[in-house]
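Numbering of the first sequence is given in my numbering, commencing with residue 1 and proceeding in unit increments. Glycine included, every Cβ here is placed at the ideal spot set by N, Cα and C. Fair warning: this is a prediction, and the values are worked out from it, not measured in the lab. To start, the structure itself, in structure tokens.
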Amino acid sequence: MNDTPDLSIDNDDSVEVQSDFIRDAIKEDLRTGRFTKVHTRFPPEPNAYLHIGHAKAIWIDYGIAEEFGGKFNLRFDDTNPMREEQEFVDSIIEDVKWLGADWEDRLFFGSDYFEQMYELAFVLINKGKAYVCDLSPEEMIEMRGTPTEPGIDSPYRNRSIEENIDLFRRMKEGEFPDGARTLRAKIDMASPNLLMRDPAMYRIRHAEHHRQGNKWCIYPMYDWAHGLEDSIEGITHSLCSLEYENHRPLYDWFLDELEIYHPRQIEFARLNMSYTVMSKRRFIELVDGKHVDGYDDPRLPTLAGMRRRGYTPKSIYEFCKRIGVAKTNSVVDPAVLENCIREDLNKHAQRLMAVMNPLKVVITNYPEDEYEELDAVNNPEDLDAGTRKVPFGRELYIEQDDFREDPPPKYFRLSPGREVRLRYAYFIKCEKVIKDADGNIVELHCTYDPETRGGNAPDGRKVKATIHWVSAKHAIEAETRLYEHLFTKPNPDDAPDGEDYISNLNPHSLEIGSCFIEPYAAETKPGDKFQFERVGYFCTDTTSTPHKLVFNRTVTLRDTWAKIEKSAKSPNQFILQP
RNA sequence: UGCCGGAUAGUUCAACUGGCGGAACGCCUGACUCUGGAUCAGGAGGCUCUAGGUUCGAGCCCUAGUCCGGCAGCCA
């Protein structure tokens, strides 16, 4: 889109309607009158932490409701007492709220509808469309058949309506042990869709529910519960991921047989990203195996981890917008995500100077024990952010990478005899390289030009590079945590025989180090976001204290020089024939 | 070997429903710059999975294939 006016800062106010196959379908539904409004829901099961894949779903659900002037519900699909916990309810609420999806006063729990679901089950029983089955789980599996062979009718399939009513009541009353009986829908044991072969609607579980306590001992299955939840809440479009495609006929069957309000289910592809994993099971394995530091480890694609890493809700929404919505199974390059966060932080992050790998510089013609304060711009993308004072003195630290004794071609930074600018300070020229007994460079002797204070030369001479620095006396030492991809391969499952994805863990996914940072950083609080100039974007970690500052690297800056240097080293030369 | 989906640039998506295949990210060039950042300008990159068919005209419709994904929990 090249005609976007550059003047509009952030046009967050105008809710621009995106375009994809789901929105197209909704427009069509509105046009034909199948629905007269839009009402969506995000229905997580409270059994895990949310990850970036859920953010995609949330953006689709919430974004669509917002764009069409409709409503959005947050609903916990808590129909299985064995797997669900309050801890996850809390973390999910926190994450959805953080993302900015607003459910207003519509926070619901599927389990709150258990009574209605129970009553509705009798409608089906009375129609002869549901029956109590005494088959064991093993027998039921056996009689279900296979994709190529039809199943066999349960011997309990033709129980009388009266007996079914009686038995189902007694199931609820707790007369039978776990697994003894189920309530099943009577559909078609020969259906090519396995899900239609008399699926279970209720199972017996004498278990305590995180919300309902011991009130129930029968619990509804997903297929029975979900459509009812949608119907009860007046959902118009029940959006879910592709693996539920085969469930749609069943979703529709229940609602049709019940003759109640009937939302439309539409499925989309879930998000996959390269160089990471995206499942609850693997998060558990990585945490339990101490490969990461917890569910909010900044290397994990959990929303808690991304928040700690320094990602903003806005950048995540932008990411979701860019990857779009389709039915194709796809794998997104994390570079897209990185680009989104760079774009957001570039506009809003406070700039600071921090030196990661210090090399001492002595300004030999600068007076000893004398200091001064220079003005530095807080954010060149946002002049309203103002300026700050940065202390300068005779002894400084610069980045080791910013000096080369023997500079390669196109290297513009400091080298013997060459002049560069210290950002917001002075031009300096390297006069002498000091080495230790082993020949390692330990210190640089430079001279500065007092006329260039602030960074400009009155005589108009130019330098080809500007480097960052800190005053050795004033700098604060802080811990840095530099992150890379969690895995070394785009597809972590691409492992040698006998190995699994764990073998593809990147040993350098976390490098703990330290830096010298200008004193302005002293007051930082967890969650603060900065650009360390010429280095990358950093976020103050949750564990950071004034006594020990800790910064997570959210993402590096783009590094064109690294590319130049890399391509110069690569032997990939072509000789063209004349 | 049954059923349901899917296949368009390196990647993720578009293509006003049958009318000259575009964008973003990535990549390459250049301009500008007190961040080798940002910004701006330009460029390379496609037998639209294959083979037939319908049509004046097919990425789109039809037929037959190929490849990929999902489905045989009393999980969601």
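So, with DSSP's three-state summary, where would you put residue i?
i, result
"Pro-391", "strand"
"Arg-461", "coil"
"Gly-536", "strand"
"Tyr-397", "strand"
"Thr-32", "helix"
"Leu-50", "coil"
"Lys-566", "helix"
"Ile-22", "helix"
"Ile-502", "helix"
"Tyr-62", "helix"
"Val-377", "strand"
"Leu-300", "coil"
"Ser-544", "coil"
"Arg-553", "strand"
"Thr-488", "coil"
"Gly-513", "strand"
"Ile-235", "coil"
Excluding sequence positions up to five away, which residues of its chain have a Cβ less than 6 Å from the Cβ of residue i?
i, result
"Val-550", "Glu-479, Asp-541, Thr-543, Ser-544"
"Arg-299", "Val-292, Tyr-483, Leu-486, Ser-509"
"Asp-230", "Ser-238, Pro-263"
"Arg-423", "Thr-466, His-468"
"Asp-375", "Thr-387"
"Arg-197", "Arg-144, Gly-151, Met-189, Ser-191"
"Gln-18", "none"
"Val-391", "According to the sequence shown, residue 391 is Pro rather than Val. Correct list, in chain order: Tyr-371, Glu-373, Ser-471, His-474."
"Phe-412", "Lys-464, Ala-465"
"Asn-329", "Ala-269"
"Arg-248", "Gln-265"
"Asp-402", "Arg-413, Leu-414, Ile-467"
In chain order, what residues of the same chain have a beta carbon less than 8 Å from the beta carbon of residue i, not counting five sequence neighbours either side?
i, result
"Arg-418", "Pro-407, Lys-429, Cys-430"
"Ser-274", "Val-331, Val-332, Asp-333, Pro-334, Pro-490, Asn-491"
"Lys-360", "Glu-395, Leu-396, Tyr-397, Val-442, Glu-443, Leu-444, Ala-472"
"Asp-436", "Val-442"
"Leu-383", "Val-377"
Express the C-alpha separation of residue j and residue i in angstroms, rounding to a whole number.
i, j, result
"Asn-164", "Cys-217", "17 Å"
"Leu-74", "Ser-91", "13 Å"
"Glu-67", "Leu-505", "40 Å"
"Pro-192", "Glu-149", "9 Å"
"Ile-235", "His-39", "5 Å"
"Pro-199", "Thr-146", "14 Å"
"Cys-240", "Val-287", "28 Å"
"Asp-168", "Phe-254", "Here residue 168 is Phe; the residue named in the question, Asp, does not match the sequence. Their backbone Cα atoms lie some 18 Å apart in a straight line."
"Gly-393", "Ala-568", "37 Å"
"Val-555", "Met-201", "48 Å"
"Ala-495", "Gly-289", "18 Å"
"Ile-161", "Gly-128", "6 Å"
"Phe-88", "Arg-106", "18 Å"
"Ala-385", "Asp-77", "45 Å"
"Lys-215", "Leu-120", "18 Å"
"Glu-45", "Ile-517", "44 Å"
"Ile-232", "Val-132", "25 Å"
"Glu-104", "Asp-178", "38 Å"
"Tyr-317", "Val-123", "43 Å"
"Phe-427", "Asp-459", "12 Å"
"Ala-55", "Leu-303", "8 Å"
"Ala-130", "Lys-186", "5 Å"
Just to confirm my understanding: we take residue i, look at its own chain, exclude 5 residues before and 5 after, and list those with CB closer than 7 Å. What are they?
i, result
"Glu-511", "Leu-482"
"Asp-58", "Note on identity: in this sequence residue 58 is Ile, with Asp being the wrong assignment. Excluding residues within five positions, the ones whose Cβ falls inside 7 Å are Phe-42, Val-96, Leu-99, Ala-101."
"Pro-416", "Glu-405, Cys-430, Val-433"
"Val-277", "Pro-492, Tyr-501"
"Thr-488", "Asn-504, Asn-506"
"Glu-381", "Asn-346, Lys-347"
*Run through the segment 144-229 for me and flag every whole alpha helix (DSSP H) of 4 or more residues, listed as ranges in chain order.*
Runs of the alpha helix (DSSP H) lying entirely within the segment 144-229 and spanning at least 4 residues, in chain order: 161-173.
*asked:* Taking contact to mean 3 or more Cβ pairs, one atom from each stretch, closer than 8 Å, check whether the segment 145-160 and the segment 111-118 are in contact.
replied: Too few Cβ pairs lie closer than 8 Å, so no.
*Are there three or more Cβ pairs, one per stretch, closer than 8 Å when the segment 351-371 is compared with the segment 391-405?*
Result yes; three or more Cβ-Cβ pairs closer than 8 Å.
*For the segment 278-286 against the segment 24-39, are there 3 or more C-beta pairs whose distance is under 8 Å?*
Taking 8 Å as the limit for Cβ pairs, the verdict is that the segment 24-39 does not touch the segment 278-286.
*What alpha helix (DSSP H) runs, 4 residues minimum, are completely inside the segment 311-361?*
Qualifying alpha helix (DSSP H) stretches, in chain order: 313-323, 334-348.
*Please go through the segment 408-485 and give each complete beta strand (DSSP E) segment of 3 or more residues, from N-terminal end onward.*
Within the segment 408-485, the complete beta strand (DSSP E) runs of at least 3 residues are 419-422, 427-435, 441-448, 469-471, 476-483.
*List in chain order: all unbroken alpha helix (DSSP H) runs of 4+ residues lying wholly within the segment 107-146.*
Fully enclosed alpha helix (DSSP H) runs of 4 or longer: 114-126, 137-143.
*Counting Cβ pairs, one atom from each stretch, are 3 or more of them under 8 Å apart for the segment 435-455 and the segment 553-564?*
Not touching, per the Cβ criterion.
_Uninterrupted beta strand (DSSP E) stretches inside the segment 240-297 (no shorter than 3 residues)_ = Whole beta strand (DSSP E) segments, 3+ residues: 264-268.
*asked:* Could you check whether the segment 134-143 touches the segment 173-185, counting it as contact only if at least three pairs of C-beta atoms, one from each stretch, sit closer than 8 Å?
replied: Under the 8 Å Cβ criterion, the segment 134-143 counts as touching the segment 173-185, having at least three qualifying pairs.
*Please determine if the segment 17-30 and the segment 46-66 are in contact, where contact requires at least 3 C-beta pairs separated by less than 8 Å.*
Yes, the segment 17-30 is in contact with the segment 46-66.
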